[in-house]
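Asks: If you scroll down you'll find the structure; I have some questions about it.
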Amino acid sequence: MKLYSRRRFSRTAVAGLATSLAAQVPGQRPARATGVEVLNPRNRVPVSLIIDDSTCLVNLAHFCIPQFAEVFPDRYRQDWKSLPREIPDTFVRRFGEWCREHGVKGKYSIVPYPACVGWLDRDLPGWSKRELDDSLRLVRTLLLPDWDIHPEMVSHTWVVDTKTGRPYAERSARFMENFGWSEGKSVDQLADYLAYALRILRNAELPCEGITTPGGFGNRALPELAQATFESCRDVFRAEIPHYFRHAFTDDRSVAPRVEYASGLEGPDPRCVVSIIGCTSDWFGGWDGLGTGSVDQFITADLAGGRLPEVIRRGEPAVLVCHWAGIYGNGQETGFRIFQEVVRRLHAAYENLIWMKLSDIARYWAARELTRIERDASTLTFQAPFACPRFTVRTSGQPSAALKLRVEGQPRPLREVKRPLDLETGAWTRHPEGMIVCLDLPKGLSHLEW
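Just so you know, the numbering used here puts 819 at position 122 of the sequence shown, and the rest follows in order with no gaps.
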């Protein structure tokens, strides 16, 4: 199935798709030889942290609550004036440095026009231009190597008219990004809105390969949201494999990424979009930083219980979900301390984890599901629409010391390691029925020979 054009997709969408994640269209899938299984990268379980409601300087909880209360006064009664207006860069630096020291990676939202306070690519009233520039520079230098940057729509509160740059005048749930606005919108309309947010971050020199939806945005327009993510990320950033975060499941449903609308897999322009799914709720302190949080909901002190061990045992990516105000804890940093203990317990419990950015997880799952693999007695042939580092396969082939990857006629010898835990790019190990191989998969045609 081809990735539809925006207009064609809008005309042909099947009734009911918008309300069911299971109805999302996978698109093409290639043939896969028997006796071959694509494993997790380096035969490890991916782990990642999704940080929502973050941006430069602005504490969204302080500014969002009174705007939400205009529409739902009974739901939003927090004493928002007592919450700090700023989450300072000193905390961003402390958090980012700790995460780098412990190998943590993930996604960090940058809301482009946070709660309509100001534009991150222009001015942020309440802060000097130098403070804004310094904050953006900190994100670029400290966070970008280990974190994907996503817009969380434009304001996270009122919908902005992309023609005027001003919020619509109507004060109702229909004109809140978190609530009703996306329902019934076409792929064109959503792509225009997503691209508007992405362009602000491009102006601020923050690259993006994906988007995060605020609140219920897109929940009743899932096919349109997926297609609009592809269109906007391709248009603004030329992203090869766009991805989006919309869902988090804490029940028995799979949380493996969903590779959607794949097409053109053996042509010059392969296409797909990947839905990344979180596996936890925010058990750190909540979106307003007023919750208490719980380490044990993630992983218990005996390292055996909690949500994360459930997911890790299945071999699916354990993608934690939090909100920046909850990590900051209104200056008490309670969520940050909970997260530090979660990481300590994870690293104590497991040797087979690998921290990854969402874009890396999306790329791996796209390659995992969309690479054609053929096999004969002593060769695996890969036809890969996308290059993928640490691509790991298990095959029943008989290993030999002469194992090599051949690309464009040039052999690349692979070295043998003793254990699956020792696997890294360019290495292989034996297992009872054959071998496990980890390699940097090139785009196009390549051959694994033994």
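Here a beta-carbon is modelled for each residue, glycine too, at the ideal position from N, C-alpha and C.
What residue ranges within the segment 983-1058 form continuous alpha helix (DSSP H) runs of no fewer than 4 residues, ordered along the chain?
Replies: Listed in chain order, the complete alpha helix (DSSP H) runs (minimum 4 residues) inside the segment 983-1058 are 992-995, 1004-1011, 1021-1025, 1031-1046.
Asks: DSSP on residue 791, reduced to helix/strand/coil?
Replies: As a working mapping, residue 791 is identified with position 94 in the sequence shown. Three-state result, residue 791: helix.
Asks: Considering only C-alpha positions, which residue in the set 890, 1118, 779 is nearest to residue 861?
Replies: The sequence position of residue 861 within the sequence shown is 164, counting from 1. Checking every option, the nearest Cα to that of residue 861 belongs to 890.
Asks: Given this structure, state the Cα-to-Cα distance separating residue 1121 from residue 1134, to the nearest angstrom.
Replies: To locate residue 1121, count along the sequence shown from 1; it is residue 424. To locate residue 1134, count along the sequence shown from 1; it is residue 437. Each residue's Cα considered, the two are about 9 angstroms apart.
Asks: Helix, strand or coil: which one does DSSP assign to residue 1078?
Replies: To locate residue 1078, count along the sequence shown from 1; it is residue 381. Here residue 1078 sits in strand by DSSP.
Asks: Using only the alpha-carbon positions, how far apart do residue 934 and residue 827 sit?
Replies: Position 237 of the sequence shown holds residue 934. Position 130 of the sequence shown holds residue 827. Their backbone Cα atoms lie some 26 angstroms apart in a straight line.
Asks: Excluding the five sequence neighbours on either side, which residues of its own chain have a C-beta within less than 7 angstroms of the C-beta of residue 1228, listed in chain order?
Replies: Residue 1228 lies beyond the stretch modelled for the chain, which goes from 698 to 1147, so this question has no answer here.
Asks: Report the three-state DSSP secondary structure of residue 927 (helix, strand or coil).
Replies: The count along the sequence shown starts at 1 and reaches residue 927 at position 230. Looking at residue 927 - three-state DSSP - the assignment turns out to be helix.
Asks: Keeping to the same chain, check which residues put their C-beta closer than 6 angstroms to that of residue 1091; ignore five residues upstream and five downstream.
Replies: Residue numbering aside, residue 1091 sits at position 394 when the sequence shown is read from its first letter. So the qualifying residues of the chain are 734, 736, 1133.
Asks: Kindly provide the ranges of any alpha helix (DSSP H) runs that are 4 or more residues long and lie completely inside the segment 720-774, ordered along the chain.
Replies: Runs of the alpha helix (DSSP H) inside the segment 720-774: 757-768.
Asks: Considering Cα atoms alone, identify which of 1083, 973, 919 is closest to residue 747.
Replies: In the sequence shown, counting from the first residue as 1, residue 747 sits at position 50. The candidate whose alpha carbon is nearest that of residue 747 is 973.
Asks: Contact check, residue 1140 vs residue 1045 under 8 angstroms by CB: the rounded distance?
Replies: Locating residue 1140 in the sequence shown gives position 443, where the first residue counts as 1. Locating residue 1045 in the sequence shown gives position 348, where the first residue counts as 1. With 8 angstroms as the limit, residue 1140 and residue 1045 do not qualify as a contact, their Cβ atoms being about 38 angstroms apart.
Asks: Once the 5 residues before and after residue 1128 are set aside, which same chain residues still bring their CB inside 8 angstroms of it?
Replies: Residue numbering aside, residue 1128 sits at position 431 when the sequence shown is read from its first letter. Excluding residues within five positions, the ones whose Cβ falls inside 8 angstroms are 1091, 1117.
Asks: Is the Cβ-Cβ distance between residue 1154 and residue 727 less than 8 angstroms?
Replies: Since the first residue of the chain shown is 698 and the last is 1147, residue 1154 is not available in this structure.
Asks: Can you tell which of 1026, 1027, 1032, 1028 has its C-alpha closest to the C-alpha of residue 1017?
Replies: Counted from its first residue, the sequence shown places residue 1017 at position 320. Cα-wise, what sits closest to residue 1017 is 1032.
Asks: Identify, in the order they occur along the chain, each residue of the same chain with its Cβ nearer than 6 angstroms to the Cβ of residue 730, setting aside the five sequence neighbours on each side.
Replies: In the sequence shown, the residue the question calls residue 730 occupies position 33. Answer for residue 730: 1070, 1071, 1072, listed in chain order.
Asks: I need the straight-line Cα distance from residue 915 to residue 1037, nearest angstrom please.
Replies: The sequence position of residue 915 within the sequence shown is 218, counting from 1. The sequence position of residue 1037 within the sequence shown is 340, counting from 1. If you take the alpha carbons of residue 915 and residue 1037, they lie about 32 angstroms apart.
Asks: Could you have a look at residue 886 and say whether DSSP puts it in helix, strand or coil?
Replies: Position 189 of the sequence shown, counted from the start, is the residue given in the question as residue 886. Residue 886 falls in the helix class under three-state DSSP.
Asks: For residue 719 and residue 958, what's the separation of their Cα atoms in angstroms?
Replies: Within the sequence shown, residue 719 is the residue found at index 22, counting from 1. Within the sequence shown, residue 958 is the residue found at index 261, counting from 1. Bear in mind that the predicted position of residue 719 carries a pLDDT of just 47, short of 50, making it unreliable; the figure below should be weighed with that in mind. If you take the alpha carbons of residue 719 and residue 958, they lie about 13 angstroms apart.
Asks: Leaving out five residues on either side along the sequence, give the residues of the same chain with a beta carbon under 8 angstroms from the beta carbon of residue 1172.
Replies: Any question about residue 1172 goes unanswered here, given that the chain covers just 698 to 1147.
Asks: Let's test the definition: count the other Cβ atoms within 10 Å of the Cβ of residue 991 and tell me whether it reaches 16, buried, or not, exposed.
Replies: Start at 1 with the first residue of the sequence shown, and residue 991 comes out as number 294. That one is exposed.
Asks: Three or more C-beta pairs under 8 angstroms: does that hold for the segment 994-1011 against the segment 934-945?
Replies: As far as the Cβ criterion goes, the segment 994-1011 does not touch the segment 934-945, which means the pair count is below three.
Asks: Would you call the CB atoms of residue 1119 and residue 1126 closer than 8 angstroms?
Replies: Taking the first residue of the sequence shown as 1, we reach residue 1119 at position 422. Taking the first residue of the sequence shown as 1, we reach residue 1126 at position 429. Yes, Cβ-Cβ distance for residue 1119 and residue 1126 is below 8 angstroms.
Asks: Over the uninterrupted beta strand (DSSP E) stretch that includes residue 804, give me the two end residues.
Replies: Stepping through the sequence shown from its first residue, residue 804 is reached at position 107. Start and end: 803-806.
Asks: Confirm, please, whether the CB-CB distance from residue 975 to residue 982 is below 8 angstroms.
Replies: In the sequence shown, the residue the question calls residue 982 occupies position 285. In the sequence shown, the residue the question calls residue 975 occupies position 278. Not in contact: residue 982 and residue 975 (Cβ atoms no closer than 8 angstroms).
Asks: Expressed to the nearest angstrom, what Euclidean distance is found between the alpha-carbon atoms of residue 948 and residue 1106?
Replies: Counting from 1 along the sequence shown, the entry for residue 948 is found at position 251. Counting from 1 along the sequence shown, the entry for residue 1106 is found at position 409. Approximately 48 angstroms between the Cα atoms of the pair.
Asks: Using the DSSP secondary-structure output, state which residues sit across from residue 975 in a beta bridge.
Replies: Taking the sequence shown and counting its residues from 1, the one referred to as residue 975 is at position 278. Looking at the DSSP assignment, residue 975 forms a beta bridge with 945.
Asks: Can you tell me where the beta strand (DSSP E) with residue 1103 in it begins and where it stops?
Replies: Locating residue 1103 in the sequence shown gives position 406, where the first residue counts as 1. Segment 1101-1104, the beta strand (DSSP E) holding residue 1103.
Asks: Any contact between the segment 1018-1027 and the segment 754-761? By contact I mean 3 or more CB pairs, one from each, below 8 angstroms.
Replies: Because the criterion of three Cβ pairs below 8 angstroms is met, the segment 1018-1027 and the segment 754-761 touch.
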